[in-house]
Amino acid sequence: MGADPRFFPSAGPRRLAEIAAAAEARFAGEAERIFTDVAPLALAGPEDVAFYEGRRHIAALKATRAGAVLLPAGTEGDLPAGTIALICAAPQLAYARVAALFHPRPRPVPGIHPTAVVGEGATIEEGCEIGPFAVIGARAEIGPGCIIGPHAVVGDGCVLGAGCILRSHASLLHCLAGVAVVLNEGARVGGEGYGFVTTPMGEHVTVPQIGRVILGDAVEIGVNACVDRGAGGDTVLGPGTRLDNLVQIGHNVKTGRGCVIVAQVGIAGSAELGDFVVVAAQAGVVGHITVGSKARVGAQAGVMNDVPPGTDVVGSPAWPARETMRAFARLRQLAAAPKKDGTSGGSP
Amino acid sequence: MGADPRFFPSAGPRRLAEIAAAAEARFAGEAERIFTDVAPLALAGPEDVAFYEGRRHIAALKATRAGAVLLPAGTEGDLPAGTIALICAAPQLAYARVAALFHPRPRPVPGIHPTAVVGEGATIEEGCEIGPFAVIGARAEIGPGCIIGPHAVVGDGCVLGAGCILRSHASLLHCLAGVAVVLNEGARVGGEGYGFVTTPMGEHVTVPQIGRVILGDAVEIGVNACVDRGAGGDTVLGPGTRLDNLVQIGHNVKTGRGCVIVAQVGIAGSAELGDFVVVAAQAGVVGHITVGSKARVGAQAGVMNDVPPGTDVVGSPAWPARETMRAFARLRQLAAAPKKDGTSGGSP
Amino acid sequence: MGADPRFFPSAGPRRLAEIAAAAEARFAGEAERIFTDVAPLALAGPEDVAFYEGRRHIAALKATRAGAVLLPAGTEGDLPAGTIALICAAPQLAYARVAALFHPRPRPVPGIHPTAVVGEGATIEEGCEIGPFAVIGARAEIGPGCIIGPHAVVGDGCVLGAGCILRSHASLLHCLAGVAVVLNEGARVGGEGYGFVTTPMGEHVTVPQIGRVILGDAVEIGVNACVDRGAGGDTVLGPGTRLDNLVQIGHNVKTGRGCVIVAQVGIAGSAELGDFVVVAAQAGVVGHITVGSKARVGAQAGVMNDVPPGTDVVGSPAWPARETMRAFARLRQLAAAPKKDGTSGGSP
Chain A
1 MGADPRFFPS AGPRRLAEIA AAAEARFAGE AERIFTDVAP LALAGPEDVA
51 FYEGRRHIAA LKATRAGAVL LPAGTEGDLP AGTIALICAA PQLAYARVAA
101 LFHPRPRPVP GIHPTAVVGE GATIEEGCEI GPFAVIGARA EIGPGCIIGP
151 HAVVGDGCVL GAGCILRSHA SLLHCLAGVA VVLNEGARVG GEGYGFVTTP
201 MGEHVTVPQI GRVILGDAVE IGVNACVDRG AGGDTVLGPG TRLDNLVQIG
251 HNVKTGRGCV IVAQVGIAGS AELGDFVVVA AQAGVVGHIT VGSKARVGAQ
301 AGVMNDVPPG TDVVGSPAWP ARETMRAFAR LRQLAAAPKK DGTSGGSP
Chain B
349 MGADPRFFPS AGPRRLAEIA AAAEARFAGE AERIFTDVAP LALAGPEDVA
399 FYEGRRHIAA LKATRAGAVL LPAGTEGDLP AGTIALICAA PQLAYARVAA
449 LFHPRPRPVP GIHPTAVVGE GATIEEGCEI GPFAVIGARA EIGPGCIIGP
499 HAVVGDGCVL GAGCILRSHA SLLHCLAGVA VVLNEGARVG GEGYGFVTTP
549 MGEHVTVPQI GRVILGDAVE IGVNACVDRG AGGDTVLGPG TRLDNLVQIG
599 HNVKTGRGCV IVAQVGIAGS AELGDFVVVA AQAGVVGHIT VGSKARVGAQ
649 AGVMNDVPPG TDVVGSPAWP ARETMRAFAR LRQLAAAPKK DGTSGGSP
Chain C
697 MGADPRFFPS AGPRRLAEIA AAAEARFAGE AERIFTDVAP LALAGPEDVA
747 FYEGRRHIAA LKATRAGAVL LPAGTEGDLP AGTIALICAA PQLAYARVAA
797 LFHPRPRPVP GIHPTAVVGE GATIEEGCEI GPFAVIGARA EIGPGCIIGP
847 HAVVGDGCVL GAGCILRSHA SLLHCLAGVA VVLNEGARVG GEGYGFVTTP
897 MGEHVTVPQI GRVILGDAVE IGVNACVDRG AGGDTVLGPG TRLDNLVQIG
947 HNVKTGRGCV IVAQVGIAGS AELGDFVVVA AQAGVVGHIT VGSKARVGAQ
997 AGVMNDVPPG TDVVGSPAWP ARETMRAFAR LRQLAAAPKK DGTSGGSP
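Protein chains in written order, with my numbering: chain A, 1 to 348; chain B, 349 to 696; chain C, 697 to 1044.
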């Protein structure tokens, strides 16, 4: 069974040869066989293409009713008879390409909904879809082929490149965005950062937040995630960076290319991340530090100091992963060890 | 003093006999006495019903001006003279029932606001209230007696059972919902999960997310909380499951009946929770693991491995609660102990 | 280079004498010199005023092209020749004042957008700006000079003092707000708290949440942050309290004056914070405890017990900061120490 056609009508059918080409997979015979959709191994039927994610799913592989399965060389022996092997180097990537054959990213249905409000001097290029109750600010520039969803708000003067998508209830303010940028539902870009100075009497005086947000090409922002604008100077997310849901990005944060910021992470003001940094769920990075390229921060970690490139850190406060694992093992031992007296721990 | 009538007008007045019946409470005399509202012990007056939450509130009980108090047998001796004892097994539950007499869940005021946008082929059954600027997608099916609040969005093809409530700014996409489902303000159901594959060159390729969200009867989703749809196959929240505010549920998560997921918790993709699991605030559960029925996860815990049914875990990474408490006690001792040399810890 | 005029047109130009007066700074000569904007040290040009944040930025100070710099006495020797020293006691506070000269908080553009929906009996005082698709509930009272942004919702009966701002997509329900209250984008005030009682059969029975939210003067609520209304009695945020983005405040929480609640913090139901409490990012405070005035809670801390006034706590569970630092140092030592046998830790 493929996707529910009420929500995800298939763009198919597709011939096996087309599928294999998209997947960069090799296969034997039946090039003209027709497939109608993709589906998980356990749910796929004879007209569906599935993929094999690895040994955790070996039972599902052996029992699948899929017509064809994307899998790595050497595992095709575990396929049921009659299921076609699509042998490829990276089955999950191949699946992404094949699934996109059947379910390409929705194209805009060009037009401006009669309820949308478009500000003075705004320019909306060809092929855009502007949804019900969308608000486009004065002098905003919307590139060709953008989708502005229901209730989405684009602030005065903002610039969107070609093919951007703002899903329902998203807002984008004080922002220059590249091409193919995606804001998911309720994502908030360009809010006022948490910037104030407290007087000796305890009054919090707001520091005007007069920087922008610069979003590189193909940046994606998760549902209800927040990216504050710069206090002075800009908040910058490098090309290809993806934020998951409920992430918080403080003012003047800068990331390089392709960073992966998982759900509920917080990156405090003026922190800088290199390229391809991964920050796992619920972790935090304090302000004004640097996390080097390809560093990885563990889930729930609390990063309080610079992290060198390529380093893995975990824990709160975060230490290099190896040392931390050793410390935890030791602590667990201590807790398990018999205790000889009441005043000190751990000694035999 | 009962609730502020500007916000919570009482549906009352009610006779004591009615109140006691709703509470399954016993009392002596005055069955016809009239009460107008419920109120906290400390604020209640002679026409209000209050309840006694336990010994933490004994001073408030002794000083209350409430006309009647819901309390367990054996505590009525602490009531001031003239306050009626409503003796019941579970005072808090009894209070919930009595408060609902005075403040029933708001009924829909049937009608479609003239500003609402209803898509082609959508069906809206009898008795629904559709608020200003609501957007109902094409072919959506809204069961009888639903309330779709201001600015709420129901996506194309979605199905809502009877008596569902979408509060203001909520969105529900790619979803089949049972009866009496509630989405609080800004709740986001059916967003695109965080699904992509990274090429060797560092490009993140989106995996089309073509699953749905299935919400069981009486599921409730907190304010600004997020539930991603399945990548392939469905994300499922079992009947009676309640999510608090700002919770994140990843793609293909499955929960059983009656789970309690407290504020700011994150459950990563494909994790499975049994029935009546409790996950306390700010905890995280990694993907692809199982948390057994009636397990309880402590606040801020980080669950990285399967949790057996009925087990309590705490800490990050999470351990069984007993072992963790012992380890922390030991660590605290170590910190307090005199240190004999600078190169190793803990030994006398 | 000052702020991008597409987003932040300068209200300037200003004479140096005016700037120095706002900053309470002293300077030598050139009182009539004209400045057009503020800018960071590294980006400022000869017509901009910058400020010096401290020794971390000494290189930027020495290299700045700014026309004038706000800095503390004794550091003016590091300025390049030709840059004017504006010597003041608190340069960051002075900067806030000067930046506000060029970028005052936007004034309302009075008027009610034709698409806005205003409920029966609502009163909107002079000078308010009501944006597109705003919804003002029945009997709501909006004080003079308020800005209600696009898609913002004010619930039935709510009261806003003078000069409040609800940014786009914010909602405010069951709430009495003082003057100059700010809700940032998507902020949600007055949602139903997580209040239910579970029957022995596992059914969750909602406790009607019939309290309000009381927001003191100058309270600010961050982007997508949530403040639940009281269950019975009120949730109260004291004057000047500021919540950062994605913060969660449970029902019946009470804070004093000027509290600082940083991003992604959660404060559980009925917790009470004194005046000027600081809770750093991602920390949690359990319900029904008290955090004394001027206490400070570290990032990611988990506060499970009362915190005395003026105390710093860190860690999860939270301990006083000093003890915790000692314990972590000890743990790190243990992890680093040579281990003599496999069954117990830490002893030489």
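For every residue, glycine included, the Cβ atom is placed at its ideal position computed from N, Cα and C.
Contact with chain C by residue i, beta-carbon distance below 8 Å
i	result
Ala622 of chain B	One detail in the question is off: residue 622 of chain B reads as Gly in this sequence, not Ala. Cβ-Cβ to chain C under 8 Å: no for Gly622 of chain B.
Thr343 of chain A	In this prediction, Thr343 of chain A scores a pLDDT of 33, lower than 50, which makes its location untrustworthy; the coordinate-derived value is nonetheless stated afterwards. Thr343 of chain A does not count as touching chain C.
Ser171 of chain A	yes
Leu697 of chain B	Residue 697 of chain B lies beyond the residue range present for chain B, which begins at 349 and ends at 696; the question has no answer from this structure.
Residue range of the unbroken beta strand (DSSP E) whose run includes residue i
i	result
Leu797 of chain C	From DSSP, Leu797 of chain C is part of no beta strand (DSSP E) but of the alpha helix (DSSP H) over Pro787 to Phe798.
Ala85 of chain A	Ile84 to Ile87
Ala416 of chain B	Ala416 to Leu419
Ala177 of chain A	Cys175 to Ala177
His552 of chain B	His552 to Thr554
Leu911 of chain C	Val909 to Leu911
Ala50 of chain A	Asp48 to Phe51
Val197 of chain A	Phe196 to Thr198
Amino acids of chain B, ordered along the chain, whose beta-carbon sits closer than 8 Å to that of residue i
i	result
Tyr890 of chain C	Gly570, Arg590, Asp592, Asn593, Val610 and Ala611
Val993 of chain C	Those do not exist, as Val993 of chain C stays about 13 Å from chain B at its closest Cβ, beyond 8 Å.
Where residue i sits in the DSSP three-state scheme
i	result
Leu409 of chain B	helix
Ile221 of chain A	strand
Arg107 of chain A	coil
Ala353 of chain A	Here chain A comprises residues numbered 1 to 348, so residue 353 of chain A is not present and cannot be evaluated.
Asp852 of chain C	coil
Asp244 of chain A	coil
Ala321 of chain A	helix
Phe829 of chain C	coil
Glu772 of chain C	helix
Arg925 of chain C	coil
Phe27 of chain A	coil
Phe35 of chain A	strand
Min CB distance residue i to chain A below 8 Å
i	result
Pro462 of chain B	no
Cys512 of chain B	no
Gln978 of chain C	yes
Residues that residue i contacts on chain B, provided the C-beta gap is smaller than 9 Å
i	result
Pro846 of chain C	Going along chain B, no residue has its Cβ under 9 Å from Pro846 of chain C, so there is no contact; the nearest lies around 10 Å.
Chain-ordered chain B contacts of residue i [CB-CB under 7 Å]
i	result
Ser1012 of chain C	Gln648
Pro132 of chain A	Val465 and Val483
Cys922 of chain C	Val571, Asn572, Asn593 and Leu594
Boundaries (first-last residue) of the alpha helix (DSSP H) holding residue i
i	result
Ala713 of chain C	Leu712 to Ala719
Cβ of residue i within 8 Å of any chain B Cβ
i	result
Ala1023 of chain C	yes
Val849 of chain C	yes
Val219 of chain A	no
Glu30 of chain A	no
Cross-chain neighbours of residue i in chain C, by beta carbon under 7 Å
i	result
Ser516 of chain B	Val849 and Ser867
Asp654 of chain B	Those do not exist, as Asp654 of chain B stays about 22 Å from chain C at its closest Cβ, beyond 7 Å.
Interface residues of chain A facing residue i [CB-CB closer than 7 Å]
i	result
His522 of chain B	Phe7
Ala735 of chain C	Gly232
Validate contact between the stretch 382-393 of chain B and the stretch 457-473 of chain B using beta carbons, cut 8 Å, 3 pairs:
no
Taking 8 Å as the cut-off, does the stretch 838-853 of chain C touch the stretch 862-875 of chain C (at least 3 CB pairs, one atom from each stretch)?
Yes, they touch.
Is the stretch 935-952 of chain C in contact with the stretch 884-892 of chain C, if contact means three or more CB pairs nearer than 8 Å?
Three or more beta-carbon pairs drawn from the stretch 935-952 of chain C and the stretch 884-892 of chain C are found closer than 8 Å, and the two stretches are therefore classed as touching.
According to a CB-to-CB cut-off of less than 8 Å, which residues of the stretch 192-216 of chain A neighbour chain F?
Note that chain F does not occur in the displayed structure, where the protein chains are A, B and C.
Are the stretch 197-208 of chain A and the stretch 577-591 of chain B touching by the rule of at least three beta carbon pairs closer than 8 Å?
no
Pairing CB atoms from the stretch 959-967 of chain C with CB atoms from the stretch 982-995 of chain C, are three or more of them under 8 Å?
yes
Quick check: the stretch 225-234 of chain A against the stretch 523-530 of chain B, are at least 3 beta-carbon pairs closer than 8 Å?
Short answer: they don't touch.
Below 8 Å, how does it come out for the stretch 406-414 of chain B and the stretch 382-390 of chain B: are there three or more Cβ pairs, yes or no?
Judged by Cβ distances under 8 Å, the stretch 406-414 of chain B makes contact with the stretch 382-390 of chain B, as three or more pairs qualify.
Pairs of beta-carbons, one from the stretch 718-725 of chain C and one from the stretch 668-685 of chain B, closer than 8 Å: are there three or more?
no
Determine, using beta-carbon pairs with one atom in the stretch 1008-1015 of chain C and one in the stretch 988-997 of chain C, whether at least three such pairs fall under 8 Å.
At 8 Å Cβ cutoff, the stretches touch.
How do the stretch 182-193 of chain A and the stretch 787-805 of chain C stand: do at least 3 beta-carbon pairs fall below 8 Å, yes or no?
Judged by Cβ distances under 8 Å, the stretch 182-193 of chain A makes no contact with the stretch 787-805 of chain C, as fewer than three pairs qualify.
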